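Asks: I'd like to ask you about the structure that follows.
Residue numbers (this note's numbering): 6 to 427.
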């Protein structure tokens with residue numbers, strides 16, 4: 006009797022151990038995300054170097070959020086651009102959030118943010134809501150207006166979460182304004198002064214060339230596109246002075262949110278052996294021509310340094326809020342500059358309250374507003390911006406917290422399971 010009981014005990018222990026072993030073997034790493042001092046009501050984007058954790062293909066790993074005995078699968082997306090980077094969104098917390106990376110089948114959520122190319126436009130949408138449109142076809146000005154104002158390679162519309170257009174193109178006062186766009190104004194190339202901004206002068210323009218990549222998934226959608234900064238030479242020929250790689254990434258809004266995040270990264274390289282000098286000028290770089298529904302009476306501007314529309318122009322800032330009444334709603338965006346940008350904190354070009362008699366709204370981070378910027382052959386120059394796009398009002402405290410998430414992302418502490426990291 007005792008022998009049979011001992012055998013049963015041994016068999017039970019072996020069976021129990023067999024059940025535990027596969028579960029333990031699935032664990033690749035534990036990821037601890039420190040969320041202290043983070044925006045309490047906004048999901049936070051986090052990322053880790055996946056290649057530093059495991060060589061397993063991302064098709065056979067899964068991400069789990071661990072809260073005590075509760076384990077919840079989490080959607081993630083892998084960026085593969087020379088190395089694999091794991092991206093996911095973390096819900097607000099007052100402490101550290103724990104995630105486990107395991108061997109297993111990844112979560113495949115039904116909702117994916119999308120990037121669709123059609124009829125010369127790339128539109129990023131979530132569910133039935135459009136968020137941003139990139140125009141890669143050449144858009145001509147209204148009939149009867151000088152065709153020199155044509156342009157490709159710009160963002161319009163930038164929509165609020167409720168669907169209002171926050172950008173404007175080809176306003177009669179400035180036909181060369183194109184929503185969110187990135188030309189330079191006072192440029193020296195091969196001994197001549199070139200203007201890529203004021204198209205009517207016929208000295209230069211910026212053109213879409215081709216897409217490098219278009220990606221979409223459960224965490225973000227993005228596109229990378231090449232732009233040529235084209236010089237119109239005096240002899241009637243053209244020459245490319247600058248190559249631009251523009252990357253735009255939008256993180257998928259979650260249900261019930263009245264905001265989303267859009268990141269814009271601009272990489273510049275000299276296209277020839279000649280250097281390019283971006284001369285000091287009062288505007289140039291990433292500009293935002295805001296909705297025609299905004300004016301001095303129904304909108305507001307606030308910078309990180311406490312400046313308003315009355316005194317913001319020419320000052321430096323880490324972020325600037327533009328928001329206002331639109332239709333029967335209220336909407337806006339926080340436009341943020343990254344600490345490694347040239348001439349950071351960057352100078353601002355903000356239109357005065359009497360612009361066009363009604364107080365039309367325009368904002369521009371212009372790193373060359375108060376100093377030259379020399380671009381040399383063989384070097385890459387990077388500018389990074391983030392837009393927190395929302396409905397409702399936002400405050401300086403929320404803007405500052407959002408900028409903190411951008412400028413100083415959460416630290417992820419990685420604890421590898423050495424036996425199963427490969």
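Beta carbons: idealized from backbone N, C-alpha and C, even for Gly.
These numbers were taken from a predicted model, which means no experiment stands behind them.
(1) Applying the 10 Å Cβ sphere with the 16-neighbour rule, what's the burial state of residue 162?
(2) Taking contact to mean 3 or more Cβ pairs, one atom from each stretch, closer than 8 Å, check whether the stretch 394 to 402 and the stretch 329 to 336 are in contact.
(3) May I have the straight-line CA-CA distance separating residue 327 from residue 32, to the nearest angstrom?
(4) Looking at C-alpha atoms only, which residue of 132, 149, 155 and 133 is the closest neighbour of residue 142?
(5) Hey, is residue 309 close to the ligand PLP, as in C-beta under 7 Å from one of its heavy atoms?
(6) Return the first residue and the last residue of the beta strand (DSSP E) that residue 239 is part of.
(7) Taking the alpha-carbon of residue 40 as reference, which of 60, 91 and 99 has the nearest alpha-carbon?
(8) Would you be able to state if there are at least three C-beta pairs under 8 Å between the stretch 113 to 128 and the stretch 195 to 209?
(9) Which class does residue 259 belong to by DSSP, given the choice of helix, strand or coil?
(10) What does the Cβ neighbour count give for residue 413, buried or exposed, with the cut at 16 atoms within 10 Å?
(11) Following the continuous beta strand (DSSP E) through residue 378, name the residue where it begins and the one where it ends.
(12) Pop quiz: residue 269 and residue 281 are said to be a contact at Cβ under 8 Å. What is the actual Cβ separation, rounded to whole angstroms?
(13) State the DSSP-derived secondary structure class of residue 306, mapped to helix, strand or coil.
(14) Let me know if residue 363 comes out buried or exposed under the rule of 16 or more other beta-carbons within 10 Å of its beta-carbon.
(15) Just to confirm, is the Cβ distance from residue 191 to residue 286 under 8 Å?
(16) I'd like to know whether the C-beta atoms of residue 345 and residue 283 end up nearer to each other than 8 Å.
(17) Would you say the stretch 119 to 126 touches the stretch 47 to 66, given that touching needs at least three Cβ pairs under 8 Å?
(18) So which of 90, 389 and 131 has the shortest CA-CA distance to residue 56?
(19) Tell me the rounded alpha-carbon separation between residue 298 and residue 291.
(20) Assuming residue 403 is part of the alpha helix (DSSP H), what are its boundary residues?
(21) Measuring CA to CA, which of 391, 350, 81 and 97 is closest to residue 110?
(22) DSSP state of residue 64, grouped into three classes?
(23) Assuming contact is defined by CB atoms lying nearer than 8 Å, are residue 157 and residue 213 in contact in what I supplied?
(24) For residue 198 and residue 359, what's the separation of their Cα atoms in angstroms?
(25) What's the gap between the Cα of residue 217 and the Cα of residue 302?
(26) Could you name the residues of the same chain whose beta carbon sits closer than 6 Å to that of residue 189, not counting the 5 residues immediately before and after it, in chain order?
(27) Quick check on the burial criterion: 16 or more other C-beta atoms within 10 angstroms. Buried or exposed for residue 243?
(28) So is residue 357 buried or exposed if we call it buried at 16+ other beta carbons inside 10 Å?
(29) Closest by CA to residue 309, which one among 294, 369 and 339?
(30) Which value, in whole angstroms, describes the spacing of the CA atoms of residue 42 and residue 370?
(31) Between 146, 403 and 315, which has its C-alpha nearest residue 178's C-alpha?
(32) Let me make sure I understand the geometry here. Which of 84, 422, 279 and 376 has the alpha-carbon closest to that of residue 383?
(33) Here's a check: name, in chain order, each residue in its chain whose Cβ is nearer than 7 Å to the Cβ of residue 265, leaving out the five neighbours to either side.
(34) From 331, 168, 144 and 153, pick the residue whose C-alpha is nearest to that of residue 132; which is it?
(35) By the three-class DSSP mapping on this structure, what secondary structure does residue 205 have?
(36) Once the 5 residues before and after residue 275 are set aside, which same chain residues still bring their CB inside 6 Å of it?
Replies: Reading off the structure:
(1) buried
(2) yes
(3) Rounded to the nearest angstrom, the two C-alpha atoms are 46 Å apart.
(4) 155
(5) Because no ligand of any kind appears in the structure shown, any question about the ligand PLP cannot be addressed here.
(6) Per DSSP, residue 239 belongs to no beta strand (DSSP E) and is neither H nor E.
(7) Ranking 60, 91 and 99 by Cα distance to residue 40 puts 99 first.
(8) no
(9) coil
(10) exposed
(11) 378 to 380
(12) Rounded, the Cβ-Cβ distance is 21 Å, inconsistent with contact.
(13) strand
(14) Residue 363 is exposed by the Cβ-count criterion.
(15) yes
(16) no
(17) Not touching, per the Cβ criterion.
(18) The option with the nearest alpha carbon to residue 56 is 90.
(19) Approximately 21 Å between the Cα atoms of the pair.
(20) Looking at the DSSP string, the run of the alpha helix (DSSP H) that includes residue 403 is 401 to 412.
(21) Of 391, 350, 81 and 97, the residue nearest in Cα terms is 81.
(22) helix
(23) yes
(24) 31 Å
(25) For residue 217 and residue 302, the distance between alpha carbons rounds to 42 Å.
(26) Taken in chain order, the residues that qualify are 201, 283 and 289.
(27) exposed
(28) exposed
(29) 339
(30) 27 Å
(31) 146
(32) Of the listed residues, the one whose Cα sits closest to residue 383 is 279.
(33) For residue 265, where only same-chain residues beyond five positions count, the Cβ hits under 7 Å are 136, 166, 255, 256, 258 and 394.
(34) Nearest C-alpha to residue 132 among 331, 168, 144 and 153: 168.
(35) helix
(36) Excluding sequence neighbours, residue 275 sits near 281, 380 and 382.
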